[in-house]
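Contents: one structure, followed by commentary.
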Amino acid sequence: MLLRLFKSPQTIIIIFIPIIGILLWIKSFQAIDTHPFPVYQMPLYSLFASFLEQSIIISNIIAIVLLLFQAFLLNIINSKYGFISKRSYLPALIFLLLTSSINEIKYFQPIIFSNFFILFALVQIFDTYKIEKIFSNFFNSGFLISTASLFYFNSIYFIVIVWIGLLIIRDFKFREWIITFLGLITPYLISFELYFIFDNVENLLFNIKQNVLFEKVLFKYNTYDIIFFSYIVFITAISIFYLILIFNTQKISTRHYYLTFIFFVILIIGLFIISPSASIELIYTISIPITFILSNYLVNSNSIIFTEILFTLLLVMIGFLQFLS
929 MLLRLFKSPQ TIIIIFIPII GILLWIKSFQ AIDTHPFPVY QMPLYSLFAS
979 FLEQSIIISN IIAIVLLLFQ AFLLNIINSK YGFISKRSYL PALIFLLLTS
1029 SINEIKYFQP IIFSNFFILF ALVQIFDTYK IEKIFSNFFN SGFLISTASL
1079 FYFNSIYFIV IVWIGLLIIR DFKFREWIIT FLGLITPYLI SFELYFIFDN
1129 VENLLFNIKQ NVLFEKVLFK YNTYDIIFFS YIVFITAISI FYLILIFNTQ
1179 KISTRHYYLT FIFFVILIIG LFIISPSASI ELIYTISIPI TFILSNYLVN
1229 SNSIIFTEIL FTLLLVMIGF LQFLS
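If you use our numbering, the sequence shown closes out at 1253, no skipped numbers anywhere.
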């Protein structure tokens, strides 16, 4: 019943989604002190942090507003590329549920900002499908990923998904990869020039070094967290298996997009394991590909009762986490 309601294209769902988001973030507004902002801040994030760290209320309001914008942006992107054949606001809801599930990371974080640039970078690559000589898209995708890393450094590694997307969507052309790389280095060249003018290059280099080598803050997983993440892995695996079953019935472009999303999930998991500074905050970004993969299954599967159970369990688990974590 709940899934049937939320996967419907009714306009009233647009009202429900922000209400659900606010309810999920209420506990974060009850914190006595402001949450710790990253010690080694990247340049663009530092512009906001000095102001936002003064008030937990203001920083959390901005965080939830940005997440709501991203949630509805996913719906717009879905409509543009037709990842899900039926019109639905479910992607926006799924994204908001996943990113708002863990209380310990519900505060203003640099990765929330970087998500916008990662999304737009993917759009730049998807727009190149079967279109020749649009070199600006390749430059823009690298530029956007690099800009994202000036908020949250580990975003720099997402250039790999841009290159994977190029391999999947287009024939290999060395020039396109070079243009992407030029886009990637441009924001850092600009940053170094500005820091050089203000005689502060050493500080920039130090912050970058610390963001590469700084040991992540260990997230203390309790039993409920482990159960929840195991369940997310379970329903994501089911959704990917469903994708494999219907793969040949999808448009070629849709197959390419979903393959890119699957590799995106793998890349983020690899980053979480390998990078010393990457931690649980990656849930904000991994929720992007998982949102589309899950939504496709929940909206299109003929197993109506089973999908209702899966979705209801997801809601119940996230609800319990708000009180138990």
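Ideal placement from N, C-alpha and C gives every residue a C-beta, glycine not left out.
Is it right to say residue i is buried, meaning 16 or more other beta carbons lie within 10 angstroms of its own, or is it exposed?
{"i": "Asn-1043", "result": "buried"}
{"i": "Met-970", "result": "buried"}
{"i": "Thr-1108", "result": "buried"}
{"i": "Thr-1213", "result": "buried"}
{"i": "Lys-1061", "result": "exposed"}
{"i": "Lys-1058", "result": "exposed"}
{"i": "Val-1227", "result": "buried"}
{"i": "Val-1090", "result": "buried"}
{"i": "Ser-1119", "result": "buried"}
{"i": "Leu-1241", "result": "exposed"}
{"i": "Leu-1133", "result": "exposed"}
{"i": "Phe-1162", "result": "exposed"}
{"i": "Thr-1056", "result": "buried"}
{"i": "Ser-1029", "result": "buried"}
{"i": "Tyr-1149", "result": "exposed"}
{"i": "Ser-978", "result": "exposed"}
{"i": "Ile-992", "result": "buried"}
{"i": "Leu-1252", "result": "exposed"}
{"i": "Asn-1139", "result": "buried"}
{"i": "Glu-1209", "result": "buried"}
{"i": "Ser-1016", "result": "buried"}
{"i": "Thr-1235", "result": "buried"}
{"i": "Asn-1128", "result": "exposed"}
{"i": "Phe-1067", "result": "buried"}
{"i": "Asn-1006", "result": "buried"}
{"i": "Thr-1182", "result": "buried"}
{"i": "Phe-1192", "result": "buried"}
Among the residues of its own chain, which have a CB less than 6 Å from the CB of residue i, if the five just before and after it don't count?
{"i": "Ser-987", "result": "Leu-980, Phe-1036"}
{"i": "Ser-1223", "result": "Ile-1012, Leu-1018, Pro-1019, Ile-1022"}
{"i": "Leu-995", "result": "Thr-1027"}
{"i": "Gly-1093", "result": "Ile-1053, Thr-1188"}
{"i": "Ala-999", "result": "Ala-1020, Phe-1023, Leu-1024"}
{"i": "Phe-1041", "result": "Phe-1079"}
{"i": "Tyr-1123", "result": "Val-1129, Leu-1132"}
Go ahead and pull the three-state DSSP assignment for residue i.
{"i": "Arg-1098", "result": "coil"}
{"i": "Gly-1093", "result": "helix"}
{"i": "Pro-1217", "result": "helix"}
{"i": "Ser-1181", "result": "helix"}
{"i": "Glu-1236", "result": "helix"}
{"i": "Ile-1168", "result": "helix"}
{"i": "Phe-1142", "result": "coil"}
{"i": "Met-929", "result": "coil"}
{"i": "Lys-935", "result": "coil"}
{"i": "Ser-1007", "result": "helix"}
{"i": "Met-1245", "result": "helix"}
{"i": "Ser-987", "result": "helix"}
{"i": "Ile-1030", "result": "coil"}
{"i": "Lys-1061", "result": "coil"}
{"i": "Phe-1023", "result": "helix"}
{"i": "Gln-1037", "result": "coil"}
{"i": "Leu-1050", "result": "helix"}
{"i": "Gln-998", "result": "helix"}
{"i": "Ala-1076", "result": "helix"}
{"i": "Glu-981", "result": "coil"}
{"i": "Phe-1126", "result": "coil"}
{"i": "Asn-1176", "result": "helix"}
{"i": "Ile-1255", "result": "The shown model of the chain, from 929 to 1253, leaves out residue 1255, and the question about it has no answer."}
{"i": "Ile-1201", "result": "helix"}
{"i": "Thr-1056", "result": "coil"}
{"i": "Tyr-1017", "result": "coil"}
{"i": "Gln-958", "result": "helix"}
{"i": "Lys-1137", "result": "helix"}
{"i": "Asn-1043", "result": "helix"}
{"i": "Ile-1012", "result": "coil"}
Hey, does residue i have any beta-carbon neighbour from chain B nearer than 8 Å?
{"i": "Ile-1163", "result": "Of the protein chains in the structure, only one exists, and it is not chain B."}
Take residue i and list the residues in its own chain whose beta-carbon comes closer than 7 Å to its own, dropping the five residues that flank it on each side.
{"i": "Ser-1203", "result": "Asn-1082"}
{"i": "Tyr-1170", "result": "Tyr-1225, Ser-1229"}
{"i": "Trp-953", "result": "Asn-988, Ile-992, Ser-1028, Lys-1034"}
{"i": "Thr-1164", "result": "Ile-1218, Ile-1221, Leu-1222"}
Just to confirm my understanding: we take residue i, look at its own chain, exclude 5 residues before and 5 after, and list those with CB closer than 8 Å. What are they?
{"i": "Ile-1166", "result": "Tyr-1225, Leu-1238"}
{"i": "Tyr-1085", "result": "Leu-1195, Leu-1199, Ser-1203"}
{"i": "Thr-1219", "result": "Leu-1002, Pro-1019, Ile-1022, Phe-1023, Leu-1026"}
{"i": "Ile-1046", "result": "Leu-1072, Ile-1073, Ala-1076, Ser-1083, Phe-1086, Thr-1213, Ile-1216"}
{"i": "Gly-949", "result": "Ile-992, Leu-995, Leu-996, Ala-999, Leu-1024, Ser-1028"}
{"i": "Tyr-968", "result": "Phe-1134, Asn-1135, Gln-1138, Asn-1139, Phe-1142"}
Would you be able to state if there are at least three C-beta pairs under 8 Å between the segment 1111 to 1120 and the segment 1072 to 1088?
yes
Pair every Cβ in the segment 1096 to 1110 with every Cβ in the segment 931 to 943, then say whether three or more of these pairs are closer than 8 Å.
no
Is the segment 1150 to 1162 in contact with the segment 1243 to 1250, if contact means three or more CB pairs nearer than 8 Å?
yes
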